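Residue numbers (this note's numbering): 19 to 487. A virtual CB, placed ideally from N, CA and C, is assigned to each residue, including glycine. What you are looking at is a predicted structure, and each value in this text was computed from that prediction instead of being measured. The next block holds one structure in the form of C-alpha cells; read it before the comments.
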Amino acid sequence: MNTTLLPDQPSLFLLSLGCPKNRVDSEVMLGSLLNEGYRLVGEAKDAEVILINSCAFIGEAKQESIDAILEHARLKETGRCKALVVAGCLTQRYADVLQQEMPEVDYFVGTSAYPRIAQILRGERDRAVIPDPDYIADSRTPRRNSMPRWTAYVKISEGCDNKCTFCIIPTLRGLQRSRPIADIVAEAERLCAEGAIELNLVAQDLTAYGHDLPGKPKLHELLHALRDVPARWIRLHYAYPRDFSEALIDGLARQPNVARYLDMPLQHISDSVLRRMKRGRDSAWVRRLVRRIRERVPDLTFRTSFIAGFPGETEEQFQELCDFVEEMRFEKVGVFQFSREEGTESFQLDGQLPQRVKAQRQKKLLGIQRKISREHQQRLVGRTLDVLVEGVSEETDLLLEGRWMGQAPEIDGKVYVNRGQGRPGEIRARRDRASGRLRSGGGIAGAEGPPRPVTAPKAARPRFPILSH
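The structure is reproduced here in C-alpha cells:
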C-alpha cells in the first residue's frame with residue numbers, strides 16, 4: 019500500500035488532457051472526490067492534491083502529458099502539493115516505465131480504475147492501479163459537469179472493436195461496452211434538469227453502439243428514446259463509417275432535437291491506404307455513404323478527419339485524398355500527421371515516410387480545406403441562425419460570443435454578436451452579416467444597439483483547465 023497523509027478536506031486541482039471522452043472520465047473523478055469532501059481550486063499551486071488525467075493517443079499527446087506531469091511535480095517542492103496523481107491513457111499504456119522514471123508521482127490510475135480514485139487517495143490501494151480496461155460509468159456514477167451548465171458530453175459506450183492498424187485505443191480502452199438505452203436517457207434527463215440544452219454524444223465508435231448489448235439496440239433507437247429529452251441540440255461525435263441505416267439518417271434529418279451535425283472520421287480515400295489501415299470499407303462505399311447522408315440531411319455540417327503520411331502513401335494516393343476533399347466540400351476537416359505508435363500494427367509497416375513529407379502533406383491538405391471552409395462561411399452571410407449565447411467574448415467586451423448548430427464546443431470556432439442582448443445559456447436568432455475563418459459576426463434578429471449580456475458579464479468557463487488537441 020502507498021499512504022499519503024492528507025487533511026480532512028483536501029484542496030484539489032484537476033488537469034484533464036485529450037479528448038472529450040477523457041473529459042467525461044475526469045468529471046467522474048471530480049464528482050467522486052467532491053462527494054468525499056475535496057475542495058476544487060483554480061490554481062495548481064494552491065492544491066494539496068494534483069490530479070492529471072493523461073492522453074497517449076499519438077506522440078504529441080504523450081509529450082504534452084509528460085510535460086504536464088513534470089511541470090506539476092515541481093509543486094511538491096514549491097507549492098502545497100502532498101499527492102500527485104496521474105490517471106488515464108498514458109498510465110494504462112506505460113505504467114511500468116512511469117513508476118520507474120517518475121518517483122515524484124504518488125499514484126498511477128488506469129483507464130478502468132478512475133472510479134476508485136477516492137479509495138486510492140486514502141491509501142487503500144497500491145501505488146499503481148492498472149486493471150484490465152473493462153469499466154464503464156453509468157447514470158448512477160458520481161459525476162460533476164465541467165462544461166458551462168448549458169452543454170455536456172454523454173459517453174454512450176467505451177472501448178472499440180475495430181482493428182485499425184494506426185490506433186492504440188483498443189489496447190488502452192478495451193473492447194466495446196455500450197450503456198443500455200434507459201441508462202443513457204436517465205443521465206441525459208439529469209443533465210438537462212441541471213441546465214444543459216446541448217448534449218454531445220461521444221464514443222470511440224458511435225455507429226457500433228449497442229451491438230454488444232442484449233437485443234442489440236441500434237443508435238437510431240437510442241436517438242428515438244432521447245426524442246423527449248428537453249435538449250435543443252443532440253450531437254453525434256466519432257461515427258465510424260459503417261452501415262448507416264435509413265432509420266439513422268431519418269433521425270439525423272428529422273428529429274427536432276438532433277443537431278444537423280455529424281462527426282465521422284474517414285481517415286483516407288485511397289483503396290490501397292484504406293486496406294493498409296484495415297478500415298473495412300473501400301473508397302466507392304465511402305463515397306456512396308457521404309453522398310447519401312448529404313442528400314438526405316438538409317443543412318448538414320459534416321466534420322471529418324484524415325491522416326497524412328500513412329506508411330506507403332504515395333504522391334498519387336495523397337493527391338487522390340486532396341481531390342476527394344475538393345470534391346466533397348466538407349464543412350469541417352481535421353488533418354493529423356501519421357504518428358508511429360508502438361503496439362499498433364502500423365508501427366511495423368514498411369514505407370514509413372520522413373517527418374518533413376508528413377508535415378508538407380498535412381499543410382497542403384489543410385490549405386485546400388481552408389479555402390473550402392471560407393466558402394462555407396461566406397454562404398452563411400445574410401442567413402438567420404439560432405445561436406447558443408455563451409457570454410461576453412474573451413477577445414473584447416464589445417461582443418457577445420456563442421455557437422450555432424454547426425459548431426461543436428471547443429473545436430469549431432465561435433459566432434460573435436455585435437448587436438442586441440442575450441443571456442448565457444439561451445438560444446437566440448442571429449442574422450449573419452460577416453464571416454471569416456472559424457468565426458462569423460452579426461446581431462440578434464430584431465435588436466438594435468450594442469450587445470449586452472442579461473446576466474453574468476463573462477462567459478462561464480470550465481471548472482478546471484482543459485487542454486484539447
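Can you find the residues in the same chain that come closer than 6 Å, C-beta to C-beta, to residue i, ignoring five residues on each side of it along the sequence?
{"i": "L384", "result": "V353"}
{"i": "I215", "result": "W168, A249, R250"}
{"i": "Q110", "result": "G128, T129, L190"}
{"i": "S83", "result": "L35, S72, C73, L108"}
If you run the structure through DSSP and keep just helix, strand and coil, what is residue i?
{"i": "L23", "result": "coil"}
{"i": "A226", "result": "helix"}
{"i": "R455", "result": "Here R455 scores only 45 on pLDDT, less than 50, and its place in the model should not be relied on; the value that follows carries that caveat. It is coil, neither helix nor strand."}
{"i": "K476", "result": "Any reading at K476 must be qualified, since the residue scores a pLDDT of 43, below 50, and its modelled position is unreliable; the value itself is stated next. DSSP places K476 in coil when its eight states are reduced to three."}
{"i": "E345", "result": "helix"}
{"i": "T109", "result": "helix"}
{"i": "S364", "result": "helix"}
{"i": "F336", "result": "helix"}
{"i": "E142", "result": "coil"}
{"i": "S72", "result": "strand"}
{"i": "D281", "result": "strand"}
{"i": "M165", "result": "coil"}
{"i": "I325", "result": "strand"}
{"i": "E45", "result": "helix"}
{"i": "E517", "result": "Given a span of 19 to 487 for the chain in the structure shown, any question on residue 517 remains unanswerable."}
{"i": "E176", "result": "strand"}
{"i": "L231", "result": "coil"}
{"i": "A465", "result": "Because A465 carries a pLDDT of 46, less than 50, the predicted location of this residue cannot be relied on, and the following value inherits that uncertainty. Note: A465 maps to coil in three-state DSSP."}
{"i": "V115", "result": "helix"}
Relative to the C-alpha of residue i, which residue among the options is closest?
{"i": "P248", "options": "R208, E54, R158", "result": "R208"}
{"i": "E66", "options": "A74, A101, K234, L33", "result": "A101"}
{"i": "A131", "options": "A326, F31, A113, F356", "result": "A113"}
{"i": "Q137", "options": "E360, Y56, K173", "result": "Y56"}
{"i": "K432", "options": "E412, C210, Q370, V308", "result": "E412"}
{"i": "K234", "options": "L244, L241, P198", "result": "P198"}
{"i": "L403", "options": "Q335, R278, R379", "result": "R278"}
{"i": "H238", "options": "A211, A271, C210", "result": "A271"}
{"i": "Q355", "options": "Y256, Y153, A326", "result": "A326"}
{"i": "S72", "options": "L51, E78, T96, A105", "result": "A105"}
{"i": "T159", "options": "P133, R140, A146, E142", "result": "P133"}
{"i": "T189", "options": "Q395, R421, A74", "result": "A74"}
{"i": "M120", "options": "D85, P149, I135", "result": "D85"}
{"i": "R397", "options": "Q439, K376, G369, E349", "result": "E349"}
Assign residue i to one of two classes, buried (16 or more other C-beta atoms within 10 Å of its C-beta) or exposed (fewer than that).
{"i": "K389", "result": "exposed"}
{"i": "E466", "result": "Only weak support exists for where E466 lies, its pLDDT of 46 falling under 50; the value from the coordinates is given anyway. Classification of E466: exposed, given that the 10 Å Cβ count is below 16."}
{"i": "G454", "result": "Its pLDDT being 48, under 50, G454 is placed unreliably by the model, and nothing is read from it."}
{"i": "Q387", "result": "buried"}
{"i": "P38", "result": "buried"}
{"i": "D341", "result": "exposed"}
{"i": "Q337", "result": "exposed"}
{"i": "A447", "result": "exposed"}
{"i": "A170", "result": "buried"}
{"i": "N53", "result": "exposed"}
{"i": "L88", "result": "exposed"}
{"i": "G361", "result": "exposed"}
{"i": "L30", "result": "buried"}
{"i": "G213", "result": "exposed"}
{"i": "E333", "result": "exposed"}
In the DSSP assignment, the beta strand (DSSP E) including residue i goes from what residue to what residue?
{"i": "A434", "result": "According to the sequence provided, residue 434 is Tyr. The question's Ala does not apply to it. Y434 -> beta strand (DSSP E) spans 432-437."}
{"i": "D404", "result": "402-410"}
{"i": "E264", "result": "Unbroken run through E264 is the alpha helix (DSSP H), 264-272; no beta strand (DSSP E)."}
{"i": "I252", "result": "251-254"}
{"i": "R421", "result": "418-422"}
{"i": "K350", "result": "350-355"}
{"i": "S34", "result": "29-35"}
{"i": "N218", "result": "216-220"}
Tell me the residue span of the alpha helix (DSSP H) that contains residue i.
{"i": "Q137", "result": "135-139"}
{"i": "S83", "result": "77-91"}
{"i": "K382", "result": "373-397"}
{"i": "V127", "result": "V127 -> not in any alpha helix (DSSP H); beta strand (DSSP E) instead, spanning 125-127."}
{"i": "L209", "result": "199-211"}
{"i": "A302", "result": "301-314"}
{"i": "E239", "result": "237-243"}
{"i": "S157", "result": "Premise fails: S157 is in no alpha helix (DSSP H) and is neither H nor E."}
{"i": "S290", "result": "289-295"}
{"i": "T189", "result": "187-191"}
Tell me which same chain residues have a C-beta within less than 7 Å of the C-beta of residue i, skipping the five on either side of it?
{"i": "R191", "result": "T129, P151, E176, G177, C178, Q222"}
{"i": "A474", "result": "Residue placement at A474 is poorly supported in this model, since its pLDDT is 41, which falls under 50; the coordinates still yield a value, given next. Taken in chain order, the residues that qualify are G409, P442."}
{"i": "D156", "result": "R197, D201"}
{"i": "R245", "result": "Q273, N275"}
{"i": "E122", "result": "A91, K94, L102"}
Whose C-beta lies closer than 8 Å to the C-beta of residue i among residues of the same chain, with five residues either side of it excluded?
{"i": "F365", "result": "R358, E359"}
How about residue i: is its Cβ closer than 7 Å to a heavy atom in the ligand ADP?
{"i": "R145", "result": "Here there are no bound small molecules, and the ligand ADP is not part of this structure."}
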